[in-house]
Amino acid sequence: MNTILIAFVALLVLKYATSTILDVINMRHVKCQSAAVPESFRDFIDLPTYQKSIDYTVAKTRFGLVSDLYDTAVLAVVVLSGLLPWLYVSLSGVFGSGLWGQALVLFLVAILLGLPGMPFEWWSTFRLEERFGFNKSTQKLWLVDKVKGFALGFVIGYPLLALLIFLVTSAGALWWVWGFAVFFIFQLVMVVAYPMFIMPLFNKMEPMEDGELKNRLFALADRTGFKAQTILVIDGSKRSGHSNAFFAGFGRFRRIVLYDTLIEQMGHEELEAVLAHEIGHYKKGHIPKMIALSGATTLGMFALLGWLAGGTWFAEAFSFSGEAATEFVPVLLLFMLLSGLLTFWLSPFTSLWSRKHEYEADAFARDAMDTAEPLIRALKKLHKENLSNLTPHPSYSRFYYSHPTLLERESSLLNR
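Quick note on numbering: the working numbering labels position 342 of the sequence shown as 365, and the sequence is numbered without any gaps.
So, in structure tokens, the structure goes:
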């Protein structure tokens, strides 16, 4: 086994071991606190609901442990067995080595490698989520969503892959700079296009109906200096009982999206606080900052890809040989498969940055509402209705959580 394969196996084992340890200590930490509702939560959740949230966390963790083991095994088999070179050579023999043929090979291999995970996606929706009352989808809707996803991936991804291959063959040694520019512009376009054109293909999105709630929310937007084009309500209940709210787009295309489940679960003042939190993300400049971080990460990944594609050594280490080892597509396939072994270790840093933004948005909402109570009530309802883990292990939350825990957010809101 060559040095690169040894490094791959080491990174694969280290990632799997780390994620497994974090999952297990978090699950044990949660189960140890199931006998009674912690005093900090007794004002909004009863014992049966609290224990149900623990059962949900444990069930998701156990499912995740099996899923992670399966994914790790599949990745090891694909990379170490010679399956990937065989797939590439076989499909290239059918579709050719031209630009569009290679883009199609890349797309088809990505689809084929995604198929082994579909049974786990099905189980998560129709067994795990169904068991705890969250799943509202149907088998037909699930399949239609998959078909739509594949179709969108082809319509958008296929030309984009062809353009990238064209840049590799035509833009010289610094093709990766041009590749980054194209993909970064694409990301910016998608920030606007996704909520406007793609989400409506899966969900019904309508402007909020006239009434007291709409008047209150637009009044909040006015007094906080947020020029809202529209507040949209999405039929999230079509697929899930989970609730959420998010900010999408930027500039004159910005919009606030509220799940219909969220509107059903909360009072007007609480929804006002949720909107104030989302406006806080905009007013504090979090969207441009996240775009900048995404751009920096993308640039780094393209630079790494450019280095790996600079010779045949990388592809040859994974059993590509002859002409296949000189092509760009095998390197990109390997990069797509293996990059997660590196980006996994960025999680605690990106999570820390995201939590900082959440604290800032919470503080903005508190100041906009002149009190912390509405947002605190809203957060408690969100955690209760979504059966969120109220007592995660500190190491687990620091590594994975993009939002502070409920206690951390409440403490921050009450201590100016």
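Note that CB positions come from ideal geometry on N, CA and C, so glycine has one too. Just so it is clear, the structure is predicted and the values come from calculations on it, not from any experiment.
DSSP lists no bridge partner for VAL191.
For GLU293, the enclosing alpha helix (DSSP H) covers residues 291-306. DSSP, read as helix, strand or coil, puts PHE270 in strand.
By the neighbour-count criterion, in which 16 or more other beta carbons inside 10 Å mark a residue as buried, TRP199 falls on the buried side.
Using a 10 angstroms sphere on the CB of LYS83, the tally of other CB atoms reaches 16 or more, which defines it as buried. In this structure the region 103-121 touches the region 352-361; the number of beta carbon pairs closer than 8 Å is three or more. A distance of 8 Å or more separates the beta carbons of ILE77 and VAL60. Fully contained in the region 30-91 is no alpha helix (DSSP H) run of length 4 or more. Here PRO71 is exposed, its C-beta having fewer than 16 other C-beta atoms within 10 Å. According to DSSP, residue pairing for VAL117 in a beta bridge does not occur. Distance check between TYR419 and each of THR43, ILE27, ASN25, VAL32 places THR43 closest, using alpha-carbon atoms only. In the structure shown, GLU232 falls within a coil segment according to DSSP collapsed to helix, strand and coil.
Only residues of its own chain outside the window of five on either side were considered, and among them TYR79 have a CB closer than 6 Å to the CB of PHE155, listed in chain order. In this structure, SER362 keeps its C-beta atom at 8 Å or more from the C-beta atom of TYR423. The residue from LEU281, ALA347, ARG262, LEU114 with its alpha-carbon nearest to that of PRO230 is LEU281.
The Cβ-Cβ distance between GLU295 and ARG400 does not fall below 8 Å. The DSSP-derived three-state label of ARG246 is helix.
Non-local C-beta neighbours of ALA332 in its own chain, meaning closer than 6 Å and more than five positions away in sequence, comprise PHE351, VAL354, ordered along the chain. Closest in C-alpha terms to ARG262, from the list PRO415, PHE130, GLY140, ASN226, comes ASN226. In the structure shown, SER263 falls within a strand segment according to DSSP collapsed to helix, strand and coil.
For LEU281, the uninterrupted beta strand (DSSP E) run begins and ends at 278-282, by DSSP. Annotated three-state conformation of LEU255 is strand, per DSSP. In the displayed model, ASN238 falls within a helix according to three-state DSSP. Within the same chain, Cβ atoms closer than 7 Å to the Cβ of ASP385 are found at HIS300, LEU398, ARG432, SER435, LEU436, the five residues on either side in sequence being excluded.
The beta carbon of THR349 sits closer than 6 Å to the beta carbons of THR335 from its chain, once the five residues preceding and following it are set aside; these are given in chain order. One Cα belongs to SER377, the other to GLY272, and the distance between them is close to 18 Å. Here ALA126 is actually not in contact with ALA174; their C-beta atoms are around 16 Å apart, not less than 8 Å. Using a 10 angstroms sphere on the CB of SER115, the tally of other CB atoms reaches 16 or more, which defines it as buried.
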